[in-house]
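Residue 10 is where the sequence shown starts when you use this note's numbering, and the numbers rise one by one after that. Note that beta-carbon positions come from the ideal geometry of N, C-alpha and C, so glycine has one too. Following: one structure in C-alpha coordinates, then a few remarks.
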Amino acid sequence: MNPRDQFLAAGFLASEASVKRVPTRFRTIWISDIHLGTTGCQAARLLEFLRATESDTLYLVGDIIDGWQLQRRWYWDQIHNNVVQAVLKKARKGTEVIFVPGNHDEAIRQFIDLDFGGIRIRDELVHTTAQGKRMLVLHGDRFDGVIACAKWLAYVGDGLYTMILKFNQIYNVWRARAGLPYWSLSQYLKLKVKNAVSYISSFEDALAAEARKRGLDGVICGHIHKPEIR
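Now the structure itself:
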(Lines of atoms letter the chains of each structure in order from A and count residues from 1; the text may use other names and numbers.)
(Lines give C-alpha, C1' and ligand atoms only; values in the text may rest on other atoms or scores of the structure.)
Protein backbone atom coordinates (compact mmCIF):
# COMPACT_ATOMS: atom_id res chain seq x y z
CA MET A 1 0.00 0.00 0.00
CA ASN A 2 1.47 3.37 -0.98
CA PRO A 3 1.65 6.27 1.50
CA ARG A 4 -1.41 8.01 -0.01
CA ASP A 5 -3.53 4.86 0.31
CA GLN A 6 -2.28 4.36 3.86
CA PHE A 7 -3.32 7.92 4.74
CA LEU A 8 -6.77 7.48 3.17
CA ALA A 9 -7.27 4.12 4.91
CA ALA A 10 -6.22 5.57 8.26
CA GLY A 11 -8.56 8.52 7.74
CA PHE A 12 -11.44 6.20 6.88
CA LEU A 13 -10.85 4.05 9.98
CA ALA A 14 -10.63 7.13 12.21
CA SER A 15 -13.85 8.49 10.72
CA GLU A 16 -15.57 5.11 11.18
CA ALA A 17 -14.39 4.91 14.80
CA SER A 18 -15.68 8.43 15.53
CA VAL A 19 -19.09 7.52 14.09
CA LYS A 20 -19.27 4.43 16.31
CA ARG A 21 -18.47 6.53 19.39
CA VAL A 22 -21.46 8.86 18.90
CA PRO A 23 -23.94 7.81 21.62
CA THR A 24 -27.58 7.13 20.77
CA ARG A 25 -29.74 9.77 22.44
CA PHE A 26 -33.01 9.11 24.27
CA ARG A 27 -35.40 11.30 26.19
CA THR A 28 -35.54 8.88 29.14
CA ILE A 29 -33.83 5.63 30.11
CA TRP A 30 -34.94 3.28 32.88
CA ILE A 31 -32.61 0.67 34.41
CA SER A 32 -33.42 -1.72 37.24
CA ASP A 33 -32.32 -4.95 38.94
CA ILE A 34 -28.65 -4.90 37.95
CA HIS A 35 -27.52 -6.32 41.34
CA LEU A 36 -24.00 -4.92 41.38
CA GLY A 37 -22.04 -6.84 43.99
CA THR A 38 -22.93 -10.27 42.60
CA THR A 39 -20.94 -12.46 40.25
CA GLY A 40 -23.96 -13.01 38.01
CA CYS A 41 -24.73 -9.36 37.24
CA GLN A 42 -24.18 -8.15 33.68
CA ALA A 43 -21.95 -5.21 34.64
CA ALA A 44 -19.87 -5.26 31.45
CA ARG A 45 -22.98 -5.17 29.26
CA LEU A 46 -24.46 -2.36 31.33
CA LEU A 47 -21.24 -0.34 31.09
CA GLU A 48 -21.24 -0.78 27.32
CA PHE A 49 -24.87 0.39 27.21
CA LEU A 50 -24.18 3.44 29.41
CA ARG A 51 -21.27 4.47 27.20
CA ALA A 52 -23.32 3.99 24.03
CA THR A 53 -26.31 6.07 25.14
CA GLU A 54 -27.25 9.52 26.39
CA SER A 55 -30.52 10.75 27.84
CA ASP A 56 -32.14 13.77 29.42
CA THR A 57 -33.23 11.60 32.36
CA LEU A 58 -31.87 8.33 33.72
CA TYR A 59 -33.98 6.41 36.22
CA LEU A 60 -32.31 3.76 38.39
CA VAL A 61 -35.38 1.82 39.46
CA GLY A 62 -34.06 -0.20 42.36
CA ASP A 63 -31.82 -3.18 43.12
CA ILE A 64 -28.94 -1.52 41.33
CA ILE A 65 -26.67 -2.67 44.19
CA ASP A 66 -27.33 -5.99 45.93
CA GLY A 67 -26.88 -5.24 49.61
CA TRP A 68 -28.27 -8.64 50.60
CA GLN A 69 -25.51 -10.48 48.78
CA LEU A 70 -22.79 -8.08 49.89
CA GLN A 71 -23.73 -8.76 53.51
CA ARG A 72 -23.34 -12.52 52.94
CA ARG A 73 -20.17 -12.40 50.87
CA TRP A 74 -18.27 -9.36 49.65
CA TYR A 75 -17.78 -9.24 45.90
CA TRP A 76 -17.05 -5.99 44.08
CA ASP A 77 -15.11 -6.22 40.82
CA GLN A 78 -13.50 -3.19 39.16
CA ILE A 79 -16.15 -3.29 36.43
CA HIS A 80 -18.74 -2.55 39.13
CA ASN A 81 -16.78 0.59 40.06
CA ASN A 82 -16.70 1.52 36.38
CA VAL A 83 -20.50 1.31 36.18
CA VAL A 84 -20.90 3.60 39.21
CA GLN A 85 -18.40 6.07 37.75
CA ALA A 86 -20.23 6.04 34.41
CA VAL A 87 -23.50 6.98 36.14
CA LEU A 88 -21.81 9.74 38.16
CA LYS A 89 -20.22 11.06 34.97
CA LYS A 90 -23.63 11.32 33.32
CA ALA A 91 -24.93 13.27 36.32
CA ARG A 92 -21.96 15.66 36.11
CA LYS A 93 -22.57 16.21 32.40
CA GLY A 94 -26.18 17.25 32.94
CA THR A 95 -28.26 14.07 32.85
CA GLU A 96 -30.97 14.10 35.48
CA VAL A 97 -30.26 10.89 37.42
CA ILE A 98 -32.98 9.66 39.77
CA PHE A 99 -32.38 6.66 42.04
CA VAL A 100 -35.49 4.85 43.31
CA PRO A 101 -34.15 2.21 45.76
CA GLY A 102 -35.46 -1.36 45.85
CA ASN A 103 -35.47 -4.06 48.50
CA HIS A 104 -31.90 -5.20 47.76
CA ASP A 105 -30.52 -1.67 48.13
CA GLU A 106 -33.06 -0.69 50.78
CA ALA A 107 -30.32 0.81 52.99
CA ILE A 108 -30.34 3.78 50.61
CA ARG A 109 -33.96 4.46 51.52
CA GLN A 110 -32.76 6.28 54.62
CA PHE A 111 -31.61 9.01 52.22
CA ILE A 112 -34.95 9.44 50.44
CA ASP A 113 -35.51 13.03 49.21
CA LEU A 114 -31.80 13.85 49.43
CA ASP A 115 -29.39 14.49 46.55
CA PHE A 116 -25.85 13.07 46.36
CA GLY A 117 -23.34 13.79 43.62
CA GLY A 118 -26.06 15.07 41.33
CA ILE A 119 -28.20 11.97 41.91
CA ARG A 120 -31.70 12.49 43.33
CA ILE A 121 -32.93 9.73 45.66
CA ARG A 122 -36.68 9.28 45.69
CA ASP A 123 -39.05 6.60 47.00
CA GLU A 124 -41.34 7.02 44.00
CA LEU A 125 -42.38 9.72 41.56
CA VAL A 126 -44.61 10.42 38.58
CA HIS A 127 -43.00 10.63 35.15
CA THR A 128 -44.72 12.37 32.25
CA THR A 129 -43.96 10.85 28.86
CA ALA A 130 -43.50 12.77 25.61
CA GLN A 131 -47.10 11.80 24.79
CA GLY A 132 -48.36 13.30 28.06
CA LYS A 133 -48.96 9.98 29.83
CA ARG A 134 -48.43 10.09 33.60
CA MET A 135 -46.56 7.01 34.85
CA LEU A 136 -45.86 5.98 38.44
CA VAL A 137 -42.18 5.06 38.83
CA LEU A 138 -41.22 2.80 41.76
CA HIS A 139 -39.28 -0.40 42.33
CA GLY A 140 -42.35 -2.50 43.08
CA ASP A 141 -41.29 -4.57 46.09
CA ARG A 142 -44.05 -3.11 48.28
CA PHE A 143 -46.55 -4.94 46.03
CA ASP A 144 -44.76 -8.25 46.53
CA GLY A 145 -46.68 -10.28 49.11
CA VAL A 146 -43.60 -12.30 50.08
CA ILE A 147 -41.54 -9.17 50.79
CA ALA A 148 -44.40 -7.51 52.67
CA CYS A 149 -45.53 -10.48 54.78
CA ALA A 150 -42.66 -12.99 54.98
CA LYS A 151 -39.34 -11.30 54.40
CA TRP A 152 -37.45 -14.33 55.73
CA LEU A 153 -38.90 -16.33 52.84
CA ALA A 154 -37.66 -13.70 50.43
CA TYR A 155 -34.12 -14.18 51.83
CA VAL A 156 -34.40 -17.94 51.29
CA GLY A 157 -35.68 -17.41 47.77
CA ASP A 158 -32.86 -15.00 47.08
CA GLY A 159 -30.33 -17.65 48.08
CA LEU A 160 -31.91 -20.16 45.69
CA TYR A 161 -32.00 -17.54 42.95
CA THR A 162 -28.28 -16.90 43.46
CA MET A 163 -27.60 -20.61 42.95
CA ILE A 164 -29.59 -20.53 39.71
CA LEU A 165 -27.59 -17.52 38.51
CA LYS A 166 -24.28 -19.27 39.22
CA PHE A 167 -25.38 -22.33 37.27
CA ASN A 168 -26.64 -20.09 34.48
CA GLN A 169 -23.29 -18.28 34.37
CA ILE A 170 -21.36 -21.55 33.94
CA TYR A 171 -23.85 -22.82 31.36
CA ASN A 172 -23.57 -19.65 29.29
CA VAL A 173 -19.78 -19.88 29.23
CA TRP A 174 -20.26 -23.22 27.49
CA ARG A 175 -22.87 -21.73 25.14
CA ALA A 176 -20.55 -18.86 24.21
CA ARG A 177 -17.76 -21.31 23.37
CA ALA A 178 -20.22 -23.23 21.21
CA GLY A 179 -21.21 -20.03 19.39
CA LEU A 180 -24.68 -19.97 20.93
CA PRO A 181 -26.46 -16.83 22.25
CA TYR A 182 -27.04 -15.99 25.92
CA TRP A 183 -29.90 -17.94 27.55
CA SER A 184 -31.57 -17.17 30.86
CA LEU A 185 -32.55 -20.11 33.05
CA SER A 186 -34.38 -17.85 35.49
CA GLN A 187 -36.55 -16.38 32.72
CA TYR A 188 -37.26 -19.87 31.40
CA LEU A 189 -38.40 -21.06 34.84
CA LYS A 190 -40.58 -17.99 35.34
CA LEU A 191 -42.37 -18.68 32.08
CA LYS A 192 -42.77 -22.42 32.66
CA VAL A 193 -43.54 -22.79 36.36
CA LYS A 194 -47.26 -22.25 36.99
CA ASN A 195 -46.84 -20.63 40.42
CA ALA A 196 -44.27 -18.18 39.05
CA VAL A 197 -46.61 -17.17 36.22
CA SER A 198 -49.44 -16.69 38.72
CA TYR A 199 -47.20 -14.63 41.03
CA ILE A 200 -46.13 -12.33 38.18
CA SER A 201 -49.73 -11.88 37.06
CA SER A 202 -50.86 -10.98 40.61
CA PHE A 203 -47.97 -8.54 40.98
CA GLU A 204 -48.84 -6.78 37.72
CA ASP A 205 -52.54 -6.65 38.61
CA ALA A 206 -51.76 -5.02 41.97
CA LEU A 207 -49.63 -2.35 40.29
CA ALA A 208 -52.27 -1.67 37.66
CA ALA A 209 -54.88 -1.24 40.41
CA GLU A 210 -52.60 1.23 42.21
CA ALA A 211 -52.19 3.28 39.03
CA ARG A 212 -55.97 3.39 38.51
CA LYS A 213 -56.52 4.41 42.14
CA ARG A 214 -54.16 7.35 41.71
CA GLY A 215 -55.63 8.39 38.37
CA LEU A 216 -52.40 7.61 36.50
CA ASP A 217 -51.90 6.02 33.11
CA GLY A 218 -49.52 3.24 34.12
CA VAL A 219 -46.56 2.04 36.15
CA ILE A 220 -42.86 1.68 35.39
CA CYS A 221 -41.17 -0.69 37.82
CA GLY A 222 -38.65 -3.47 38.26
CA HIS A 223 -38.36 -6.14 40.97
CA ILE A 224 -39.61 -9.31 39.21
CA HIS A 225 -36.84 -9.51 36.58
CA LYS A 226 -39.31 -9.96 33.73
CA PRO A 227 -39.10 -7.13 31.18
CA GLU A 228 -42.41 -6.52 29.48
CA ILE A 229 -44.53 -3.68 28.13
CA ARG A 230 -48.26 -4.17 28.68
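- Might you give, ordered along the chain, the residues of its own chain that have their beta carbon closer than 6 Å to the beta carbon of Leu97, omitting 5 neighbours on each side? Same-chain partners within the cutoff: Gly126.
- How many angstroms separate the CA atom of Gly49 from the CA atom of Met144? Taking the straight line joining both Cα atoms gives about 30 Å.
- Item | Closest residue to Thr137 among Asp86, Ile128 and Asp226 (Cα-Cα distance) | Selection Asp86, Ile128 and Asp226 evaluated against Thr137 yields Asp226 as nearest (Cα-Cα).
- Task: Return yes when the Cβ of Val92 is within less than 8 Å of the Cβ of Ala52, no when it is not.
- Result: Yes, these two residues count as a Cβ contact at 8 Å.
- Task: Using beta-carbon positions only, say whether Arg34 and Glu63 come within less than 8 Å of one another.
- Result: Contact check for Arg34 against Glu63 passes: the beta carbons are separated by less than 8 Å.
- How big is the Cα-Cα spacing for Arg36 and Leu123? For Arg36 and Leu123, the distance between alpha carbons rounds to 24 Å.
- Query: Do you know how far the Cα of Pro110 is from the Cα of Trp77?
  - Reply: Cα-Cα distance, rounded: 13 Å.
- Query: Pick from Ala218, Trp83 and Glu115: whose alpha carbon is nearest that of His232?
  - Reply: The closest CA to that of His232, considering only Ala218, Trp83 and Glu115, is found on Glu115.
- Query: Under the rule that 16 or more other beta-carbon atoms within 10 Å means buried, what is Ser41, buried or exposed?
  - Reply: Looking at its Cβ environment, which holds 16 or more other Cβ atoms inside 10 Å, Ser41 is buried.
- If I'm right that Ile73 touches Ile107 with Cβ under 8 Å, what's the distance once you round it to whole angstroms? About 12 Å; that fails the 8 Å criterion.
- By how many angstroms is the C-alpha of Ile238 removed from the C-alpha of Val206? Because the pLDDT at Val206 is just 45, under 50, the model does not fix this residue reliably, and the point stays unresolved.
- Message: Quick check on the DSSP output: the alpha helix (DSSP H) that includes Leu45 runs from which residue to which?
- Response: No alpha helix (DSSP H) contains Leu45, which DSSP labels as neither H nor E.
- Item | Spatial distance of Arg184 from Tyr191 (CA atoms) | Their backbone Cα atoms lie some 7 Å apart in a straight line.
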